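For the sequence shown, the UniProt record's numbering gives the first residue as 1, with consecutive numbering after it. Beta carbons are placed, not taken as given, at the ideal position from N, Cα and C, and that holds for glycine. None of the values given here were measured: they were computed from a predicted structure. Comments concern the structure below.
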Amino acid sequence: MTLKTCWYETDSRFIPGHYQPAALIDLALSRDIDSHRLLRGTGLFHDDILAGQSRISPQQFLGLIDNSRRLLDASDSSFLFGQRLLPGHYGPASHALRHAQNLHQALQTLIDQQTLLSPLAAPRLLLDEHYAYVHWLDSCGAGEQWRFVLEASMTSMVAMSTWLSGERLPWQCSFRHSEPRYVEQYWVHLGEHTQFDRPLDLMRLPRHCLAQPWPNVSATAGQVARTEARDQLERLGFASSFLDCLYDYLHAQVQQTPSLEQTAQAFAMSPATLKRKLHKHRTGFQQQVDRVHTHVALYLYQVKGFSNEEVAQYLRFNDTANFRRSFKRWTGSTPKLIRQLLMLG
């Protein structure tokens, strides 16, 4: 199987500077940050952004985030940025979000139009009998900026659904990192039930919330906007990032666990080229394989209710002890501890 090479990479210049980056620039300027200091080292110029002509790469966007974090030096920056993100003013994709008839359609629009609406973080939707789960993938190798991106992304989801539904939905957010000193910002922007030191960066809410109709929407405007947004993506030439495409490939092949060489062949490149691309995105092949195995194992535990033996068998491990050792390497915790955490969640 050979995949189409239709993805963006961390150095692909396709993000309009007057879209999401401008929201962060405006936030910084509102706090009297000098624009030259803010854009230093990013290759961006404020006049070009104001003219609506600049196209920047995820790498440049992450550089802007790094500068903003240092210069603003405030615990609420990522959350205030997130509140400004969605539905946004990003053309047809934003119009499609604005006229989503319910949360399920909004989430599907965000997933389909992730390149336009959330280029640094890819949302994935999972369902079980009682809950809808949204977990977030690092699309471009954000490194030290990932927590900022994640906080902003989750805040954007909570803020958007609150505005469009007309009520505060019962989101519960969990993070892999430990509770920070500025935990009150999480309580204010994400809710008091936010949890830390959890297995996944995850949002969940009762499944019935997905289908509740939203007020003040136009089904016709929404349908036209979704068609226009799809056309825009087609002209762009890609709908997801290189890391997201790799994640999907490894996820689909999780029971076979393809090698680096097999994966490179599937992506129509040499193993050396694949390694270079991964290095450019601040990661490695084994890290990506481990990430997929971790997510699949957690899904099988939480959603399917599998035992250790069943998860080990599904992932084609020879014995349960070998699986437990691998799981400890992936997550830093034993399967027993993780299952206890999932039950508490």
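Secondary structure of Gln253 (DSSP, three-state): coil.
For Arg204, there is no enclosing alpha helix (DSSP H); the enclosing beta strand (DSSP E) covers residues 202-206.
The C-beta of Leu250 has 16 or more other C-beta atoms within 10 Å across all chains shown, which makes the residue buried.
Cβ neighbours of His281 within its own chain (closer than 8 Å, five residues either side excluded): Glu9, Thr10, Cys140, Gly141, Phe242, Leu243. In the same chain as Gly63, and ignoring 5 residues on each side of it, the C-beta atoms closer than 7 Å to its own belong to Gly41, Thr42, in chain order.
With respect to the 7 Å criterion, Phe238 and Trp7 are classified as neighbours on the basis of their beta carbons. For the 7 Å CB-CB criterion, Ile49 and Ile15 do not form a contact. Take the alpha-carbon of Trp330 and the one of Gln287: they are about 9 Å apart. A direct Cα-Cα distance of roughly 50 Å separates Gly17 from Ala321.
A contact is defined here as three or more CB-CB pairs under 8 Å, and the region 216-229 meets this definition with respect to the region 78-97. Here the alpha carbons of Cys173 and Leu125 stand approximately 14 Å from one another. In the DSSP annotation of this structure, the continuous segment of the beta strand (DSSP E) that includes Trp136 starts and ends at 131-138. Residue range 172-174 is occupied by the beta strand (DSSP E) that includes Ser174. Taken in chain order, the complete beta strand (DSSP E) segments of 3 residues or longer contained in the region 188-233 are 202-206. Partner residues in the beta bridge of Ser241, as assigned by DSSP, are Tyr8. If you look at Pro180, you'll find it isn't in any alpha helix (DSSP H); DSSP assigns it neither H nor E. In this structure, the alpha-carbon of Leu298 lies about 8 Å from that of Pro199. Here the C-alpha atom of Leu205 lies approximately 12 Å from the C-alpha atom of Met157. If you ignore the 5 residues before and after Pro215, its C-beta comes within less than 7 Å of the C-beta of Gly166, all in its own chain and listed in chain order. In the displayed model, Ile338 falls within a helix according to three-state DSSP.
Residue pairing by DSSP places Ala121 opposite Asp138 in a beta bridge. Around the C-beta of Ser30, fewer than 16 other C-beta atoms lie within 10 Å, and the residue is accordingly described as exposed.
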